[in-house]
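If you read the protein sequences in the order shown, they are chains P and X. Letter by letter, the first sequence follows residues 46 to 373 in the numbering used here. Letter by letter, the second sequence follows residues 492 to 952 in the numbering used here.
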Amino acid sequence: MRNNNLLYPALLATSAYLICGMAYGQTSRIPDSASDAHYDCPIPDSGEVLRQKALGLATATYDRNKLGCAADLWGVLARQAEASPEVQIQALGVITRYLSEVNTLWDLDLYGIHAPEWSARLQHATPLGKAIEARLEKLAPDLPASLASRALFDLAWTAKQADTAAALKVSGDAVRQLKLATSREKAVQGGNAMLALAKLEYELPEFSGGDPARGVDTITEAFQLAAGNPGVIRYFAYVQTQENHPDVAARALKTLLPLPTTQGDLQQMADELLAGRDLAQRLQDKSLQKLLADKRDTLLAAHHELLTRAHTAANLHGGVDPITGKEY
Amino acid sequence: MRKLAVGLALWLTADASVNVWGATLTVTHPQSIQAAISRAQRGDTVRVLPGTYHETIFIDKDDIRLQGVVDQGKWPILDGEGKLNDGILASGHGVIIEGMWVRRFKGNGIMTQGSNNYQIIHNVVEGPCFYAIFPQFGRNGLVAHNIVSKSEDAAIYVGMSDGIDVLDNEASHSIIGIETENTRDALIQSNYVHDNVMGIAVTKLAGLPVKTAERTIIRNNFIIANNTANFAPAGAITATAPAGVGIMILGADFTTVEGNLIRDNNSLGILLSETTFLITTPDAQMNPLASDASILRNVFLDNGSNPTDSLKDLLAAAGRSKGVDLFTTGKGRNNCIADRSAIQSVGATRFGDCAPGATSTKVSTARPPSPVTAPSYTAEQKGRLTYMAVCTGCHTYDSRLIGPPMVTVKALYNGKPQALANWIAKPTRKRPDLPEMPPQNYLPPEVRLAVANYILNELSH
């Protein structure tokens, strides 16, 4: 359930409070997979070369090593520009995007055979983000973009954290920060803040701060404000499906079709088209399912570097359906 | 004589799952059980006399009865010695596996893949292992009177199946005692489930080919003291199973819980939540909510005295310092409780009241009244089923797991499926940094070739 290009799905944060088994450092079925977390990331001396390299690598959201290096380089840029809230916010966004991608890869690793690699990556990048977060709290504590980016970072790095109490606190704090941010600037972060807020409101149990009715309102407003955001579109369609409004959901999914696929976070676009296709299947709308599948196939054919998120079988799970041989 | 035996067997056996029985082949230790299975024809019984046997048994023929004979307290023991992966694998239809003591296999004790009309009865399965009893992709199955323990996942794990009865088993000292996953129409009844991390789980998991889990009845079980600390590998799907829970309903629909004794589970009696509460794998094809559950009359005693850390924090968020009989996130629709004043609950304010007199007792079995269609699997299907059941325990496509990745195998054997099929029957150690592969010579030649063809020609991720 991918979100958008800079933010981590709040839904995963709501599940964090029960992920009690994923403490860092434990053994897994591939005991040396932590070594796969290493990547070469030489840091240019020149400020402008560094900046251009950081900008370029941050667009490679399909490649965890490039994205990890982008996070590292943006960490350096943020240290070099400690007085600039804009640089801190941009850096924190890239780091959050990287954490989000690692979390997604972990989610798709059904039996956690690469868990040491994912843990190592999260352990490496989280301190970079925390340093930036601390600076932003001093530099621009109440700026909407600062509030939003800090909340989204916290949701991302705690998503796989073993400590339920901490994750619950983060969820509560994130709701407050995101409400404040969006009250001051509704479409902050391209609608991603409202999206994250909507997910928290809709998904959290009410006894821990959830408010499903409010969540429906928030995502509806986000859909109206940020109609070009594929994550917003797809989550709005999901909520409408859950609320038993399939026609509204289908109409919303159709708005994915004209979105451009030549720029921006193409990995996110591919992921949202996949989820949209699957949601259309759940709605039993075969023609819409095909349209979304075709759009995704065209995107993947034009960009072979993008990840298809295909299931790999391991430990008697995953892979294709063994009876039909088909992907599912 | 054979015709008489067949006729007699048909007359005596009233079970709807049995189609036809033929000759009896007796295995006396130290003979090979698999050799007898290989000789057996459809309808034959393979009787295994007491002794300790070290082999994997693969049954891909229909209507084979593997029958262990217990003589003066001595059992036929199938012992993997911690070296072999799986004990008994079956993909034939109408298979009966009974009276075997299965222990010390690294993978699964007794597994069926794609088998219909099966029975797994009166066995003892001891871990450590992955799953002790694991029927998957089957219809019309009976898992009864087994004693299973020490699984790293679920002791009895019914996956993506339809019409299954799980009756009168003892399941203990595992991560989950009994689990049905993405299964429709199951009856879990009169089992003794104790000392696991979690007692019984009925789940709808994300990322699987079957997207529904419906109509499971959990009835008249003894679900006692499931408080073992979670020992699943980090990152494993079961690593999220919270300790001290008697029954977990995760995303499954139309689940009925009736007549159980749920006692001394330190966290909660029942946990009912959407799939996404514990499983973060994305799957937009699936509705994650757990709806239409009926919590009927059960006996709850002394649950929640010492909740595990993660649940303790959640309970604290709900204003509780101890666990409760029923804990729910409250997201599902049309759930009900009978006699809500008799149980302590959190999150159940939207639960309705079950209809007066509601009961599941009219359902005496989840199995269909007569055997279901038993399709003949094609070579391609056998290849895929066997790959999933056997190979994925040690291999993935592009990473080393225990054995090398399949991309390496494909490169080595490109265009040579028979060579690969021959090699896996008698593997030799090719790399000193990898463990020796156990021989897969229990697989019939045509199945080995089917797996080889699948790996070389179809497998792509």
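Built from N, CA and C at the ideal position, the CB exists for glycine as well. Just so we're clear, the structure is a prediction, and the values are computed from it rather than from any experiment.
Q | Cβ neighbour criterion (16 or more within 10 Å) applied to His685 (chain X) | A | Buried.
Q | Alpha-carbon spacing of Gly698 (chain X) relative to Ile893 (chain X), whole angstroms | A | Rounded to the nearest whole angstrom, the CA to CA distance from Gly698 (chain X) to Ile893 (chain X) is 23 Å.
Q. Going along chain X, which residues have a C-beta under 7 Å from Glu251 (chain P)?
A. Below the 7 Å Cβ cutoff, chain X contributes Gly821 as neighbours of Glu251 (chain P), in chain order.
Q: Show which residues of chain X have a CB atom less than 7 Å away from the CB atom of Leu155 (chain P).
A: Under the 7 Å cutoff, chain X gives Gly698, Ile728 and Thr772.
Q: Taking Ile666 (chain X) and Thr729 (chain X) to be in contact with their CB atoms under 8 Å, please state how far apart those CB atoms are, rounded to whole angstroms.
A: Confirmed, Cβ separation roughly 5 Å.
Q) Is DSSP giving Ala68 (chain P) helix, strand or coil here? A) Model confidence at Ala68 (chain P) stands at a pLDDT of 27, short of 50, so the residue's coordinates are unreliable and nothing is read from them.
Q) For the stretch 610 to 627 of chain X against the stretch 572 to 589 of chain X, are there 3 or more C-beta pairs whose distance is under 8 Å? A) With a cut-off of 8 Å on Cβ pairs, the stretch 610 to 627 of chain X is in contact with the stretch 572 to 589 of chain X, counting three or more such pairs.
Q: Below 7 Å between beta carbons is the criterion; list the residues of the stretch 864 to 881 of chain X that meet it against any residue of chain P, in chain order.
A: The stretch 864 to 881 of chain X vs chain P, Cβ under 7 Å: Glu871, Gln872, Arg875, Leu876, Met879 and Ala880.
**Q.** alpha helix (DSSP H) segment containing Gly668 (chain X), residue limits
**A.** No alpha helix (DSSP H) contains Gly668 (chain X), which is instead part of the beta strand (DSSP E) from Ile667 to Glu672.
Q: Measure the C-alpha to C-alpha separation of Cys827 (chain X) and Ala692 (chain X) and round it to an integer number of angstroms.
A: Using only the alpha carbons, I get a separation of about 19 Å.
Q) In three-state DSSP terms, what is Val837 (chain X)? A) The answer is strand: DSSP assigns Val837 (chain X) an E or B state.
Q: Under 9 Å between beta-carbons, which chain P residues line up against Pro895 (chain X)? List them in chain order, please.
A: The contact set of Pro895 (chain X) on chain P, defined by CB atoms closer than 9 Å, is empty, because the minimum CB distance reaches about 12 Å.
Q. If you draw a straight line from the C-alpha of Ile579 (chain X) to the C-alpha of Arg939 (chain X), how long is it?
A. Their Cα atoms are separated by approximately 17 Å.
Q: Take Gly654 (chain X) and list the residues in its own chain whose beta-carbon comes closer than 6 Å to its own, dropping the five residues that flank it on each side.
A: By the criterion of a C-beta distance shorter than 6 Å, Gly654 (chain X) is surrounded in its chain by Arg630, Asn631, Asp676, Ala857, Arg858 and Pro859, once the five residues flanking it on both sides are discounted.
(Q) Between Gln835 (chain X) and chain P, is the shortest Cβ-Cβ distance under 8 Å, so that the two count as touching? (A) Chain P contact via Cβ: absent.
Q.
Using the Cβ count rule (16 or more neighbours within 10 Å means buried), how would you classify Glu372 (chain P)?
A. It counts as exposed.
Q.
Looking at Cys882 (chain X): is its Cβ nearer than 8 Å to the Cβ of Val942 (chain X)?
A. With contacts defined by Cβ atoms closer than 8 Å, Cys882 (chain X) and Val942 (chain X) form a contacting pair.
**Q.** Below-8 Å beta-carbon distance, Phe549 (chain X) vs any chain P residue
**A.** No - not a single Cβ of chain P is within 8 Å of the one on Phe549 (chain X).
Q) Would you call Ser832 (chain X) buried or exposed, if buried means 16 or more other Cβ atoms sit within 10 Å of its Cβ? A) Looking at its Cβ environment, which holds fewer than 16 other Cβ atoms inside 10 Å, Ser832 (chain X) is exposed.
Q. So Leu345 (chain P) is in the alpha helix (DSSP H); what residue range does that whole segment cover?
A. For Leu345 (chain P), the uninterrupted alpha helix (DSSP H) run begins and ends at Lys331 to Ala347, by DSSP.
Q. Within 8 Å (strictly less), CB to CB, does Asp323 (chain P) reach chain X?
A. Residue contact check for Asp323 (chain P) against chain X: a CB pair falls below 8 Å.
Q: Use the C-beta contact count for Gly66 (chain P): other C-beta atoms within 10 angstroms, 16 or more gives buried, fewer gives exposed.
A: With a pLDDT of 27 at Gly66 (chain P), under the threshold of 50, the modelled position of this residue cannot be trusted, and the question is left open.
Q.
Helix, strand or coil for Gly760 (chain X)? Go by DSSP, reduced to three states.
A. Gly760 (chain X) falls in the strand class under three-state DSSP.
Q.
By the 9 Å beta-carbon criterion, what residues does the stretch 603 to 634 of chain X contribute toward chain P?
A. So the close ones are Gln604, Gly605, Phe621, Tyr622, Phe625, Gln627 and Phe628.
Q. Taking all protein chains shown into account, do 16 or more other C-beta atoms lie within 10 angstroms of the C-beta of Leu792 (chain X), making it buried, or fewer, making it exposed?
A. So Leu792 (chain X) counts as exposed.
(Q) Whole angstroms are fine: how far does the CA of Val539 (chain X) sit from the CA of Val560 (chain X)? (A) It is roughly 6 Å from the alpha-carbon of Val560 (chain X) to the alpha-carbon of Val539 (chain X).
Q) Going by C-alpha distance, which of X:Gly513, X:Ser606, X:Thr694 and X:Gly583 is nearest Ala781 (chain X)? A) The option with the nearest alpha carbon to Ala781 (chain X) is X:Thr694.
Q. Going along the stretch 143 to 168 of chain P in order, which residues come within less than 9 Å of chain X, judged by CB to CB distance?
A. Closer than 9 Å at the C-beta level to chain X, one finds these residues of the stretch 143 to 168 of chain P: Asn148, Thr149, Trp151, Asp152, Leu153, Asp154, Leu155, Tyr156, Gly157, Ile158, His159, Ala160, Pro161, Trp163 and Ser164.
Q: Excluding the 5 residues preceding and the 5 following Val863 (chain X) in the sequence, name in chain order all residues of the same chain whose CB lies nearer than 7 Å to its CB.
A: Hits under 7 Å: Asn607, Asn608, Arg630 and Asn631.
Q | Beta-carbon proximity check, Ala734 (chain X) vs Ser764 (chain X), cutoff 8 Å | A | Taking the C-beta atoms as reference points, Ser764 (chain X) is found no nearer than 8 Å to Ala734 (chain X).
(Q) Please classify Asn944 (chain X) as buried or exposed, where buried requires at least 16 other C-beta atoms within 10 Å of its C-beta. (A) With a 10 Å radius around the Cβ and a threshold of 16 neighbouring Cβ atoms, Asn944 (chain X) comes out buried.
Q: Could you pull out every residue in the same chain whose Cβ sits closer than 7 Å to the Cβ of Leu336 (chain P), ignoring the five residues on either side in sequence?
A: Non-local C-beta neighbours of Leu336 (chain P) in its own chain, meaning closer than 7 Å and more than five positions away in sequence, comprise Leu302, ordered along the chain.
Q) According to DSSP, is His169 (chain P) helix, strand or coil? A) The answer is helix: DSSP assigns His169 (chain P) an H, G or I state.
Q.
In whole angstroms, give me the CA-to-CA distance for Thr149 (chain P) and Ala775 (chain X).
A. Whole-angstrom Cα-Cα distance: 14 Å.
**Q.** The beta strand (DSSP E) enclosing Phe791 (chain X), as first and last residue numbers
**A.** Counting along the chain, the beta strand (DSSP E) containing Phe791 (chain X) begins and ends at Val790 to Leu792.
Q) Does the distance from the C-beta atom of Ile738 (chain X) to that of Ile714 (chain X) stay below 8 Å? A) Ile738 (chain X) is a Cβ neighbour of Ile714 (chain X), given a cutoff of 8 Å.
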